[in-house]
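Notes for the one structure printed next.
In the numbering used here, the protein residues as written are 8 to 182.
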């Protein structure tokens, strides 16, 4: 009887070990994601984090200023430009916010729109801002370390370039 009992215990223990190995083998062969939730943000370079924060602040400011231009501008092209800023930068902000959340980067607080005295002042500011922004987005697209951030910068740089050209054209028409 004692021998039969030992055989049953051995069988039981062997079965447990086998089941455990089978269970673990699934985990070993499972697809290994490139970044786990807890790893996100930890490998993001300080330059990428700074870019996300600066782009977020700038994007939110463009939306706020665009809304003010839609409401207060006297020139219809300036009003339309403001509307385009709201539309395009709102979309870019949504895309960037998703990346920031995934990378555990704190989204900055919104600020009020700056004030300007005339449509010309607004468009002058838009030319300067978009020149500065285009340089920053192109630099990140070229030198960034995170593929998602680089892709966002590259894609958005094209839109920023369009905005810059539009701003220059409208600005040249204003006195």
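Backbone N, C-alpha and C fix where the C-beta goes; we use that ideal spot for every residue, glycine too.
Asked, Found
"Burial state of residue 113, where buried means 16 or more other Cβ atoms lie within 10 Å", "exposed"
"Residue 147 beta carbon less than 8 Å from that of residue 160", "yes"
"Which listed residue (105, 91, 71) has its alpha carbon closest to that of residue 167", "91"
"Residue 122 and residue 182 closer than 8 Å at C-beta", "no"
"Simplified DSSP assignment, three categories, for residue 154", "helix"
"C-beta contact flag for residue 116 and residue 61 at 8 Å", "no"
"Distance between residue 74 and residue 107 (C-alpha atoms, nearest Å)", "24 Å"
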